[in-house]
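J.: Chains as they are written, first to last, in this note's numbering: chain A, 1 to 481; chain B, 482 to 707.
(1) Can you tell me whether residue 702/B is buried or exposed? The criterion is at least 16 other CB atoms within 10 Å of its CB, across all chains shown.
(2) Ends of the beta strand (DSSP E) at residue 482/A?
(3) DSSP three-state label for residue 20/A, please.
(4) Using a Cβ cut-off of 8 angstroms (strictly closer), state whether residue 522/B contacts chain A.
(5) Anything in chain B within Cβ reach of residue 205/A, meaning under 7 angstroms, just list it in chain order.
(6) Ends of the alpha helix (DSSP H) at residue 268/A?
(7) At what residues does the alpha helix (DSSP H) containing residue 334/A begin and finish?
(8) Please report how far the alpha carbon of residue 512/B lies from the alpha carbon of residue 522/B, in whole angstroms.
(9) Would you report the Cα separation of residue 508/A and residue 363/A, rounded to the nearest angstrom?
(10) List the residues of chain B that residue 145/A touches, going by C-beta distances under 7 angstroms, in chain order.
(11) Say whether chain A places a C-beta atom closer than 8 angstroms to the C-beta of residue 692/B.
(12) Check the Cβ of residue 639/B against every Cβ in chain A and list those closer than 7 angstroms, keeping chain order.
(13) For residue 511/B, which residues does DSSP report across the bridge?
(14) Just to confirm my understanding: we take residue 106/A, look at its own chain, exclude 5 residues before and 5 after, and list those with CB closer than 8 angstroms. What are they?
(15) Please determine, among 137/A, 288/A and 446/A, the residue with the shortest C-alpha to C-alpha distance to residue 252/A.
(16) According to DSSP, residue 189/A sits in a beta bridge with which residue or residues?
(17) On the three-state DSSP scale, how would you describe residue 474/A?
(18) Between 57/A, 118/A, 88/A and 94/A, which has its C-alpha nearest residue 17/A's C-alpha?
(19) Does the beta-carbon of residue 606/B have 16 or more other beta-carbons within 10 angstroms, so that it is buried, or is it exposed?
(20) Name the chain A residues whose beta carbon is nearer than 7 angstroms to that of residue 614/B?
(21) Residues of chain A with a CB under 8 angstroms from the CB of residue 673/B: which are they?
(22) Looking at the strands, I want to know which residues DSSP matches up with residue 359/A.
(23) In chain B, what lies closer than 7 angstroms to residue 202/A by C-beta?
(24) Going by Cα to Cα distance, which pick from 290/A, 333/A and 267/A is closest to residue 317/A?
(25) Which one of 35/A, 24/A, 39/A and 25/A has the shortest CA to CA distance from residue 10/A?
(26) What residues in the stretch 489–523 of chain B bring their beta carbon closer than 9 angstroms to a beta carbon of chain A?
(27) Rounded to whole angstroms, how far is the Cβ of residue 219/A from the Cβ of residue 261/A, which I believe are closer than 8 angstroms?
(28) What does the alpha-carbon distance come out to for the pair residue 582/B and residue 507/B?
(29) Three-state secondary structure (DSSP) at residue 668/B?
(30) Helix, strand or coil for residue 60/A per DSSP?
(31) Does any residue of chain A bring its CB to less than 8 angstroms from the CB of residue 666/B?
(32) Give me the chain B residues within the contact set of residue 64/A, using Cβ-Cβ distance strictly less than 7 angstroms, ordered along the chain.
(33) What does a CB cutoff of less than 7 angstroms around residue 631/B pick up in its chain, not counting 5 residues either side in sequence?
(34) Say whether chain E places a C-beta atom closer than 8 angstroms to the C-beta of residue 158/A.
(35) Is it a yes or a no for the stretch 92–100 of chain A touching the stretch 66–82 of chain A, going by three-plus beta-carbon pairs under 8 angstroms?
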């Protein structure tokens, strides 16, 4: 049996249905979550294997309106990653609710929001027109804001409101960009736009507007100021899913649009690459200076997102070999960072929950009392620093080769400095946790599941580097689209 | 795309009224009147869609914009259950002059980009003075966007910023319809936009009420609190 559009529809809406079910009866045990949600990643895996022969595409007519969708190897891989990370977060959330007193109503609301997030992300991965992308982006954004607000503290409310205002303005910028494209070329499907659109000033302005909306939603430097406060007060499983997937979706859309509309715009691509470089440096420096552990992890997200932006200059106007390396490096970095960042947020959440500390200095003695979580943090950091054999290493290696082969030397410097900075902030955490002579805080015992989920994700990020050939084989076998 | 012919005089009156109501809604410090201004503005937008030959969009605007979003904002002011009521007069100061150059730079860049693109798409002679109804509405949309951007970036009161966001959105919808006419895609985009604006306003208003109840502040910065 080969996948049909109905299977796609099922995978889009099943998480939402499960989420609504869990809203009525919030699960108290992660076993139930595993039982109910395990089919989702399995179906996603089956879809991925099904598109090995060729991408699926189609259109859906809703009255006079036609929606275009397309499932290729890249989209199916990202969808599988999404389902795996959502499952991990859901499992973690069920244990988290055991380990710490959460507001009952807030905990119930977590589930439909998680389902809505899954639907929004799924739509983004398979959308092939701007209308569907718009719907997915907004659904994802609103669910993400809603999830950030669940703790209900004053800090969470202020940070969430700031996030909401940013996201709403970002969505209007995006809508305006679509208006210009539609006015200029009269269509919204990406394939059609790519065929007819010329890189004239109107298209450039439209893409600039679309890009600024996406940079705002994706927390790319210099529009990142909302990210760290939001993570500081959010629940751990939500931070994990947000840092791993939500900000990446904006980047995915931006790269898709750029390749379709302005593939040869070298100056613009360099500008995005330079923004990314500044993000790497600024995120690294801020993570180095961060006071709290979750802030440190959030700032490291700002820096790691910056690496992804190097894709633009390395894909624009370079030779086919360079473009292929940059293309593979980008998706490998995205997947590796998603797994590692989710693991790191969970490990950090475990450390903070068990010690009751908020600042880095409160982690003293964790090396003896919480070795598993600390080890998970270290494993996740291996990917972030780009040490072998992790996915981060493979991605950086490919980028390095691409930069050298295309003569874009600047990025080599950025890659080196970024790795150095991430090593500095990671070792700052480890140094605090190995302090032995400070007064030890009272440790709260954690469910083993919480530590194991994080460890599995961190190991997956390292394993992705070891077995990179398999996922890379799904990425556009005929070269960069 | 079928445009029912609208008398140019009626279109000019409509555009003038839209701008006037947007101004009232954004400049009025009395929140109750500002929200009422928004409801009237949304009803007028609905009339504009009707005159442009998009009755379903008119219905959606009246329902989602005027009734639900406007009603929600008024209901937020009236107070809910045990939560304390918001003061109906906005006494917060505007943002300082320090960041004003940056703010104006952003606003003017936004408007300049749109104006350039509009001139590129429609041609200068179509815009000065606007010849057809659609270009007139697009030009009105740009002016409303300017007002909305100014209000969104200078005001502190969160309810007024939500109002400014809604007006900014309406300006974008007008530009959207003015550029491409009320075709099926445009209607889909505006419908999603209206739903997003409604949901965003619901979230924002609920948060504002909780923030006001817990910390007594109606702005993002506690210093400018109540």
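Note that CB positions come from ideal geometry on N, CA and C, so glycine has one too.
From a predicted model like this one, the values you see are computed outputs, not experimental measurements.
T.: If we stick to the structure as given:
(1) Around the Cβ of residue 702/B, a 10 Å sphere holds fewer than 16 other Cβ atoms; the residue is exposed.
(2) This structure leaves residue 482/A out entirely; chain A is present only between 1 and 481.
(3) Residue state, collapsed to three classes: helix.
(4) No Cβ of chain A is located within less than 8 angstroms of the beta carbon of residue 522/B.
(5) Chain-order list of chain B residues neighbouring residue 205/A: 594, 597 and 598, by C-beta distance under 7 angstroms.
(6) 266–289 is the span of the alpha helix (DSSP H), which, as asked, contains residue 268/A.
(7) Here the alpha helix (DSSP H) through residue 334/A covers 320–355.
(8) Roughly 15 angstroms between the two C-alpha positions.
(9) Since the displayed chain A opens at 1 and closes at 481, residue 508/A lies outside it and no answer follows.
(10) The contact set of residue 145/A on chain B, defined by CB atoms closer than 7 angstroms, consists of 684 in chain order.
(11) It does: the Cβ of residue 692/B has a partner Cβ on chain A nearer than 8 angstroms.
(12) Within chain A, the residues near residue 639/B are 161.
(13) Paired residue(s): 570/B.
(14) Excluding sequence positions up to five before and after residue 106/A, its CB lies within less than 8 angstroms of the CB of 150, 151 and 152, all in the same chain and listed in chain order.
(15) Taking only the C-alpha atoms, the option nearest residue 252/A is 137/A.
(16) Answer is 129/A, bridged to residue 189/A.
(17) DSSP, read as helix, strand or coil, puts residue 474/A in helix.
(18) Of 57/A, 118/A, 88/A and 94/A, the residue nearest in Cα terms is 118/A.
(19) The residue in question, residue 606/B, is exposed, as its Cβ has fewer than 16 Cβ neighbours within 10 Å.
(20) Here the premise fails: no neighbours, minimum Cβ distance about 16 angstroms.
(21) Those within 8 angstroms of residue 673/B in chain A are 131, 134, 135 and 138.
(22) As DSSP reads the structure, residue 359/A sits in a beta bridge with 292/A.
(23) Neighbours of residue 202/A on chain B, chain order: 598, 601 and 602.
(24) The shortest Cα separation from residue 317/A among 290/A, 333/A and 267/A belongs to 267/A.
(25) Here the closest residue by C-alpha is 39/A.
(26) Within the stretch 489–523 of chain B, contact with chain A at the beta-carbon level (separation under 9 angstroms) is assigned to no residue.
(27) About 23 angstroms separates the beta carbon of residue 219/A from that of residue 261/A, a gap too long to meet the 8 angstroms contact definition.
(28) Each residue's Cα considered, the two are about 21 angstroms apart.
(29) Three-state DSSP puts residue 668/B in a helix.
(30) Correct three-state label for residue 60/A: strand.
(31) When Cβ-Cβ separations below 8 angstroms define contact, residue 666/B makes contact with chain A.
(32) Correct list: 665.
(33) Within the same chain, residue 631/B has close Cβ partners 588.
(34) Given the protein chain composition of this structure (A and B), no chain E is represented.
(35) The answer is no - the stretch 66–82 of chain A does not touch the stretch 92–100 of chain A, with fewer than three Cβ pairs under 8 angstroms.
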